[in-house]
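Engineer:
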Amino acid sequence: MPLESGWSEDKSLLDPFAGGGTIPIEAALYARRIPWFRFRSFLFEKSGIVPKDVTERVRGDLLAEVTEGKKINAKGIEKFEKHVKGAWKNARSAGVADTVVFEKGDATRLGEYGDVVVTNPPYGNRIANPRVVYDLYHDFAERAADVGIPTVTTITSRWKWMEDALREVGYRIEKSKFVLYGKLHTHLIRVVLE
Ligand SMILES: C[S@@+](CC[C@H](N)C(=O)[O-])C[C@H]1O[C@@H](n2cnc3c(N)ncnc32)[C@H](O)[C@@H]1O
Numbered sequence: 002m003p004l005e006s007g008w009s010e011d012k013s014l015l016d017p018f019a020g021g022g023t024i025p026i027e028a029a030l031y032a033r034r035i036p037w038f039r040f041r042s043f044l045f046e047k048s049g050i051v052p053k054d055v056t057e058r059v060r061g062d063l064l065a066e067v068t069e070g071k072k073i074n075a076k077g078i079e080k081f082e083k084h085v086k087g088a089w090k091n092a093r094s095a096g097v098a099d100t101v102v103f104e105k106g107d108a109t110r111l112g113e114y115g116d117v118v119v120t121n122p123p124y125g126n127r128i129a130n131p132r133v134v135y136d137l138y139h140d141f142a143e144r145a146a147d148v149g150i151p152t153v154t155t156i157t158s159r160w161k162w163m164e165d166a167l168r169e170v171g172y173r174i175e176k177s178k179f180v181l182y183g184k185l186h187t188h189l190i191r192v193v194l195e
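To convert, note that position 41 of the sequence shown is 42 in this note's numbering; the numbers rise steadily by one, no gaps.
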């Protein structure tokens, strides 16, 4: 998702609904050129289709590009302490705890901002009154515009609500594209402040 937002390593990235921290962690993995196979193996490796020495050479070449201790400005804010702890744990497992920051905070009271906000907010699918999410999107959008966040990229199954909330406070919709997210129908939306 960070790359969908127009983010690059020289820009700061903020995820104000960070949950388990996937988005800042993805940015850190990308910036440090850490390949996915560091965490998993692929079926083709066991199948024998690709000779083992070729796989090992490619692994070696890619791992040689990993940079240690690279600093980027990627931060996640999360309302609940248990998720903040979970995000730090995930960052440690991914080997990027020195590259990202997670803090407890409220997306509707952002006091600072990044060049780029990239976020996956709650969808309200598991609560009795999804209107709570409608209000949350409006409060977040209002705060984002107030503190002058230049661009927001977000993915949600309630995309009409999010688009309206962002449009109402002065964002222009640059992109809104359908994404099948697991079994959920969602849109990835990118907006810029006019
Ligand atoms: C869909 S989840 C984010 C998933 C995340 N991308 C991940 O990697 O796990 C949305 C998160 O927003 C958090 N949240 C809800 N209201 C919030 C608020 N006002 N401020 C900050 N975080 C909030 C929830 O606790 C939840 O962890």
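Where is the CB? At the ideal position from N, CA and C, for every residue including glycine.
Please say whether T157 and P122 have beta carbons closer to each other than 8 Å?
Structural biologist: For the purposes of this step, residue 122 is identified with residue 121 of the sequence shown, where counting begins at 1. For the purposes of this step, residue 157 is identified with residue 156 of the sequence shown, where counting begins at 1. For P122 and T157, yes; Cβs fall inside 8 Å.
Engineer: Measuring from the CB of K161, is there a heavy atom of ligand 1 at a distance below 7 Å?
Structural biologist: The count along the sequence shown starts at 1 and reaches residue 161 at position 160. Because no heavy atom of ligand 1 lies under 7 Å away, the Cβ of K161 does not count as near it: no.
Engineer: Pop quiz: L163 and Y182 are said to be a contact at Cβ under 8 Å. What is the actual Cβ separation, rounded to whole angstroms?
Structural biologist: Here residue 163 refers to the residue found at position 162 of the sequence shown. Here residue 182 refers to the residue found at position 181 of the sequence shown. Leu is not the amino acid found at residue 163; the sequence shown has Met there. Between Y182 and M163 the Cβ distance is about 14 Å, and since that is not below 8 Å, they are no contact.
Engineer: Can you name the start and end residues of the beta strand (DSSP E) that V180 belongs to?
Structural biologist: On the sequence shown, residue 180 is found 179 positions in, with the first residue counted as 1. Run containing V180: Y172 to Y182, per the beta strand (DSSP E) assignment.
Engineer: V119 and I24 - do their beta-carbons sit closer together than 8 Å?
Structural biologist: In the sequence shown, residue 24 corresponds to position 23, counting from 1. In the sequence shown, residue 119 corresponds to position 118, counting from 1. Yes. Within cutoff.
Engineer: Got a sec: does ligand 1 put a non-hydrogen atom nearer than 7 Å to the Cβ of A166?
Structural biologist: By one-based count along the sequence shown, residue 166 stands at place 165. No, since every heavy atom of ligand 1 falls outside the 7 Å radius drawn around the Cβ of A166.
Engineer: Could you check if I50 is buried or exposed, using at least 16 other CB atoms within 10 Å of its CB as the buried criterion?
Structural biologist: Within the sequence shown, the letter at position 49 stands for residue 50. The residue is exposed, with fewer than 16 neighbouring Cβ atoms inside 10 Å.
Engineer: Following a CB-centred definition, is T23 positioned closer than 7 Å to any heavy atom of ligand 1?
Structural biologist: The residue you call residue 23 lines up with position 22 of the sequence shown. Under cutoff, so the answer is yes.
Engineer: Excluding the 5 residues flanking H84 on each side, which residues of the same chain have their C-beta closer than 6 Å to its C-beta?
Structural biologist: Taking the first residue of the sequence shown as 1, we reach residue 84 at position 83. Around H84: G20.
Engineer: Taking the C-alpha atoms as reference points, what is the distance between A95 and I190?
Structural biologist: As a first step, residue 95 must be located in the sequence shown, where it is residue number 94. As a first step, residue 190 must be located in the sequence shown, where it is residue number 189. The straight-line gap from Cα to Cα measures roughly 27 Å.
Engineer: Are the beta-carbon atoms belonging to Y172 and V148 less than 8 Å from one another?
Structural biologist: The residue given as residue 172 occupies position 171 in the sequence shown. The residue given as residue 148 occupies position 147 in the sequence shown. Cβ atoms of Y172 and V148: not closer than 8 Å.
Engineer: Just list the residues that DSSP pairs V118 with in beta bridges.
Structural biologist: Here residue 118 is taken as the residue at index 117 of the sequence shown, counted from 1. Per DSSP, L15 and V153.
Engineer: If you measure between the beta carbons of E104 and I78, is that distance less than 8 Å?
Structural biologist: The sequence position of residue 104 within the sequence shown is 103, counting from 1. The sequence position of residue 78 within the sequence shown is 77, counting from 1. Going by C-beta atoms, E104 is nearer than 8 Å to I78.
Engineer: Using beta-carbon positions only, say whether V117 and L14 come within less than 8 Å of one another.
Structural biologist: One-based indexing of the sequence shown puts residue 117 at position 116. One-based indexing of the sequence shown puts residue 14 at position 13. Against a cut-off of 8 Å, the Cβ pair of L14 and V117 comes out as a contact.
Engineer: Taking 7 Å as the cut-off, is the beta-carbon of T154 closer than that to any non-hydrogen atom of ligand 3?
Structural biologist: Within the structure as shown, ligand 3 is missing, the only ligands being ligand 1.
Engineer: Under 7 Å Cβ to Cβ from R144, same chain only, skipping five residues before and after it: list those, please.
Structural biologist: In the sequence shown, counting from the first residue as 1, residue 144 sits at position 143. Result list for R144: T109, R110 and L111, in chain order.
Engineer: Check this for me: beta carbons of S6 and T152, under 8 Å apart or not?
Structural biologist: Residue numbering aside, residue 6 sits at position 5 when the sequence shown is read from its first letter. Residue numbering aside, residue 152 sits at position 151 when the sequence shown is read from its first letter. In contact: S6 and T152 (Cβ atoms closer than 8 Å).
Engineer: Confirm, please, whether the CB-CB distance from H188 to S177 is below 8 Å.
Structural biologist: As a working note, residue 177 is residue 176 in the sequence shown. As a working note, residue 188 is residue 187 in the sequence shown. S177 places its beta carbon less than 8 Å from that of H188.
Engineer: Should D16 be labelled buried (16 or more other beta-carbon atoms within 10 Å of its own) or exposed?
Structural biologist: The residue given as residue 16 occupies position 15 in the sequence shown. Label assigned to D16: buried.
Engineer: Buried or exposed: where does I150 fall if 16 or more other Cβ atoms within 10 Å of its Cβ makes it buried?
Structural biologist: Along the sequence shown, one-based indexing puts residue 150 at 149. Label assigned to I150: buried.
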